[in-house]
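**Student:**
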Amino acid sequence: MTLMHIITAPDPRLKAKAKPVETVDGDVRKLMDDMLETMYAAPGIGLAAPQVGVLQRVIVVDTAKEGAPPLPLRMANPEIIWSSDEENEYEEGCLSLPDHYAAVVRPQKVRVRFIDHENEIREIEADGLLATCIQHEMDHLDGTLFVDHISKLKRGMILRKLQKTKKHQAEAAM
Ligand code: NI
Numbered sequence: 008m009t010l011m012h013i014i015t016a017p018d019p020r021l022k023a024k025a026k027p028v029e030t031v032d033g034d035v036r037k038l039m040d041d042m043l044e045t046m047y048a049a050p051g052i053g054l055a056a057p058q059v060g061v062l063q064r065v066i067v068v069d070t071a072k073e074g075a076p077p078l079p080l081r082m083a084n085p086e087i088i089w090s091s092d093e094e095n096e097y098e099e100g101c102l103s104l105p106d107h108y109a110a111v112v113r114p115q116k117v118r119v120r121f122i123d124h125e126n127e128i129r130e131i132e133a134d135g136l137l138a139t140c141i142q143h144e145m146d147h148l149d150g151t152l153f154v155d156h157i158s159k160l161k162r163g164m165i166l167r168k169l170q171k172t173k174k175h176q177a178e179a180a181m
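Residue numbers (the numbering used here): 8 to 181.
(1) Quick one: residues in its chain with C-beta nearer than 6 Å to the C-beta of Leu-54, no 5 flanking neighbours on either side, listed in chain order?
(2) Taking all protein chains shown into account, decide if Ile-141 is buried (16 or more other Cβ within 10 angstroms of its Cβ) or exposed.
(3) What do you get for Leu-10, buried or exposed, if any count of 16 or more other CB atoms within 10 angstroms of its CB means buried?
(4) Excluding the 5 residues preceding and the 5 following His-156 in the sequence, name in chain order all residues of the same chain whose CB lies nearer than 7 Å to its CB.
(5) Return the first residue and the last residue of the alpha helix (DSSP H) that Ile-14 is part of.
(6) Taking the straight line between their C-alpha atoms, what separation do you get for Ala-49 and Ala-25?
(7) When the Cα of Thr-15 is compared with those of Ala-180, Glu-125, Thr-172, which residue comes out closest?
(8) For the ligand NI, is there any heavy atom lying closer than 7 Å to the beta carbon of Cys-101?
(9) On a CA-only basis, which of Leu-137, Phe-121, Met-145, Ser-103 is nearest Pro-19? Give me that one, please.
(10) Does the ligand NI have a heavy atom nearer than 7 Å to the CB of His-7?
(11) Which runs of the beta strand (DSSP E), 3 residues or longer, sit entirely within the region 27-102?
(12) Please list the segments of the beta strand (DSSP E) lying wholly inside the region 96-176, counting only runs of 3 or more residues, in order along the chain.
(13) What does the Cβ neighbour count give for Met-224, buried or exposed, with the cut at 16 atoms within 10 Å?
(14) Does the beta carbon of His-156 fall short of 7 Å from some heavy atom of the ligand NI?
(15) Note down the Cα distance separating Asp-32 from Glu-125, rounded to an integer number of angstroms.
(16) Pull up the distance between the alpha-carbon of Leu-62 and that of Glu-73, whole angstroms please.
(17) Any contact between the region 117-134 and the region 87-95? By contact I mean 3 or more CB pairs, one from each, below 8 Å.
This is the structure we're talking about:
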């Protein structure tokens, strides 16, 4: 397995729309496994392929509690086929927006259809943190970041700070 580089905002690659996967073959399976390893190493609870520079509709998530057995989910072409009217608010973060968090409101439960790592079509119902995480990762496939769900003012503040951090890192690398 290979650790992949995670792209941080602002970056045009995080605003692009990812293409559907045709078949989950060995290459896609390897991508899923590399993404999971990258996510665990970060550490994070979800990662979408565009965050590692791959414009395919692939996400991985694992919201198991620390110390509990891992519950990795590998999803290609995820689709929300039902979502609850009840909503939940979570303080969200993102590996592409390191050190920034904001409260985002989303449906509390969702039913998701996807292709798993064995190229089988599956459906699961997710609730709470898992539902939020899946919706957050699916947003990445359409170029949407969690900051796109909050006020323009707060989004601008976060993106300017990230831009500054990038500039400092570039200077430090020289
Ligand atoms: Ni994210």
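From the three backbone atoms N, C-alpha and C, an ideal C-beta is built for every residue, glycine too.
These numbers were taken from a predicted model, which means no experiment stands behind them.
**Tutor:** Let's see:
(1) Taking the sequence shown and counting its residues from 1, one reaches residue 54 at position 47. These residues qualify, in order along the chain: Met-42, Met-46, Val-67.
(2) Indexing the sequence shown from 1 puts residue 141 at position 134. That one is buried.
(3) Walking along the sequence shown from the start, residue 10 turns up at place 3. Exposed, by the Cβ-count rule.
(4) Start at 1 with the first residue of the sequence shown, and residue 156 comes out as number 149. Taken in chain order, the residues that qualify are Val-111.
(5) One-based indexing of the sequence shown puts residue 14 at position 7. Counting along the chain, Ile-14 falls outside any alpha helix (DSSP H), and DSSP gives it neither H nor E.
(6) Working through the sequence shown from its first residue, we reach residue 49 at position 42. Working through the sequence shown from its first residue, we reach residue 25 at position 18. Going from the Cα of Ala-49 to the Cα of Ala-25 covers about 22 Å.
(7) If you number the sequence shown from 1, residue 15 lands on position 8. Among Ala-180, Glu-125, Thr-172, the Cα nearest to that of Thr-15 is on Thr-172.
(8) For this step, residue 101 is matched to residue 94 along the sequence shown. Answer for Cys-101: yes, Cβ within range of the ligand NI.
(9) One-based indexing of the sequence shown puts residue 19 at position 12. Out of Leu-137, Phe-121, Met-145, Ser-103, Ser-103 has the C-alpha closest to the C-alpha of Pro-19.
(10) Only positions 8 to 181 of the chain appear in this structure, which leaves residue 7 out of reach.
(11) 53-55, 65-68, 80-90, 94-99
(12) 109-114, 116-122, 128-134
(13) With the chain running from 8 to 181 in the structure shown, residue 224 is simply not present.
(14) Numbered from its first residue, the sequence shown carries residue 156 at position 149. No, Cβ of His-156 sits at least 7 Å from all heavy atoms of the ligand NI.
(15) Start at 1 with the first residue of the sequence shown, and residue 32 comes out as number 25. Start at 1 with the first residue of the sequence shown, and residue 125 comes out as number 118. Going from the Cα of Asp-32 to the Cα of Glu-125 covers about 8 Å.
(16) As a working mapping, residue 62 is identified with position 55 in the sequence shown. As a working mapping, residue 73 is identified with position 66 in the sequence shown. Rounded to whole angstroms, Leu-62 to Glu-73 spans 30 Å at the Cα level.
(17) yes
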